[in-house]
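Written below as structure tokens is the structure these notes are about.
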Amino acid sequence: MNRNELRKADINLMVVFETLMLERNVTRVAEKLFLGQPTISSALNRLRTMFNDPLFIRVGHRMEPTARAEELIQYLSPALDSLSVALSLTHDFDPTVSTMTFRIGLSDDVEFGLLPPLLRALRQEAPKVVFVVQHVDYWRIPDLLASGDITVGISQTRGLPANAKRKLLRHIQPRILRADASDTPLTLDEYCSRPHVLVSHTANISGYADEWLAEIGRTRHVVLSVPQYSSLPALLAGTDLIASLPDYTAEAMAASGQLFMEPFPFKTPTLDLSMVWLSHVDTDPAERWLRSRLEAFMSERLASPPSR
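Rendered as structure tokens:
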């Protein structure tokens with residue numbers, strides 16, 4: 001291996017190349033790297049000269065990679081990951097003075113039910129740190145991690161990339177939320193006959209509860225589908241509507257005293273809430289601190305959230 005070739009390389013060019021492979025659009029690359037479009041175009045010209053290949057060919061509004069570019073990224077991405085790890089070992093992380101911006105992905109139920117107590121604690125522990133939260137679900141997490149739009153995500157997970165790490169935080173216990181108080185929980189017949197609100201990010205009118213009911217030969221009546229949990233308190237108030245949601249989200253909504261939570265009237269499968277990140281940030285001191293705080297406040301190890 002001729003390491004003299006490395007003298008010709010510019011790490012910034014490699015970052016531009018990797019981002020072009022992900023975004024396939026010069027404008028989006030410029031926005032993501034906080035650079036001007038002329039700078040990205042100039043970097044692409046230098047990359048073409050360096051590798052003696054067009055690398056990207058414009059097709060409509062997209063920049064499609066050549067075969068050489070596809071081959072190069074297989075070597076460059078792991079190298080950049082390793083370099084990021086090496087550089088992270090040269091510095092410590094002090095949350096009390098850090099001004100870092102962390103980009104995290106949270107599913108809607110986690111944002112509503114588990115983020116507030118975490119944020120209250122972190123405002124004391126890391127007052128200058130900035131948190132940018134993006135909505136995620138098990139479809140979006142792999143792409144957002146790969147693009148670097150988030151460094152860690154918390155949601156139910158499926159089909160993770162090979163370089164992803166996953167840590168189980170808690171088992172989700174489904175709960176019923178209702179506005180009309182009762183001394184006795186709903187029976188299965190009552191649960192099936194009452195009108196339901198379903199939270200669906202994909203505008204469906206069928207969810208997990210419908211699958212579970214089908215297994216025991218029952219159905220329910222969904223009369224409203226909404227895209228996020230935060231609208232449920234206003235929607236349920238003063239009605240006979242009920243909603244099915246994770247225990248931690250239901251607890252947060254019931255804390256106001258206007259809504260009431262109760263268990264399902266039939267046995268449900270276990271759902272898992274997990275934290276996911278990519279291996280190249282595994283040893284980064286700042287990311288390790290962030291994951292430790294997310295785990296401390298969002299796992300089920302504690303009977304109640306700390307530091308309220």
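Those letters in the sequence shown? Residues 1 to 308, by full-length UniProt numbering. Where a beta carbon is used, it is the ideal one built from N, C-alpha and C, also for glycine.
Item	Value
Residue from Tyr-248, Ser-182, Asp-10 and Ala-214 whose Cα sits closest to the Cα of His-171	Tyr-248
Within the stretch 225-307, ranges of the alpha helix (DSSP H) (whole runs, at least 4 residues)	232-236, 247-254 and 285-298
Cα-Cα separation, Ser-41 to Glu-64	15 angstroms
Neighbour-count burial assignment, Ile-57, 16 or more Cβ in a 10 Å radius	exposed
Collapsed DSSP secondary structure at Pro-83 in the structure displayed	This sequence places Leu at residue 83; Pro is not what is there. Three-state DSSP puts Leu-83 in a helix.
Cβ-Cβ separation, Leu-35 to Phe-51 (assumed contact under 8 angstroms), whole Å	In fact, because the Cβ distance is near 20 angstroms, the residues do not count as touching under 8 angstroms.
Member of Asp-180, Pro-78 and Lys-128 whose CA lies at the smallest distance from the CA of Val-281	Pro-78
CA-to-CA distance, Tyr-229 to Ser-200, given in whole angstroms	9 angstroms
Closest by C-alpha distance to Ala-74, when choosing among Phe-17, Pro-116, Tyr-191 and Asp-92	In the sequence as presented, Ala is not what sits at residue 74; that position holds Gln. It is Phe-17 whose Cα lies nearest to the Cα of Gln-74.
Residue nearest to Arg-218 in terms of C-alpha spacing, selected from Asp-189, Ala-203, His-196 and Asn-204	Asp-189
Nearest-angstrom Cα separation, counted from Pro-142 out to Ser-155	11 angstroms
Assumed close pair Ala-286, Met-100 - CB separation to whole angstroms, cut-off 8 angstroms	6 angstroms
Asn-204 vs Ser-279 beta-carbon contact at 8 angstroms	no
Where Val-223 falls, given that 16 or more other Cβ within 10 Å makes a residue buried	exposed
Exposure label - Met-298; buried when at least 16 CB within 10 Å	buried
For Thr-187 and Thr-151, the rounded distance between their alpha carbons	43 angstroms
Nearest-angstrom Cα separation, counted from Pro-233 out to Ala-69	51 angstroms
Strand pairing of Met-63, partner residues [DSSP]	Arg-58
Rounded distance between the beta-carbons of Leu-144 and Pro-195, thought under 8 angstroms	Contact doesn't hold; Cβ gap of about 35 angstroms is too wide.
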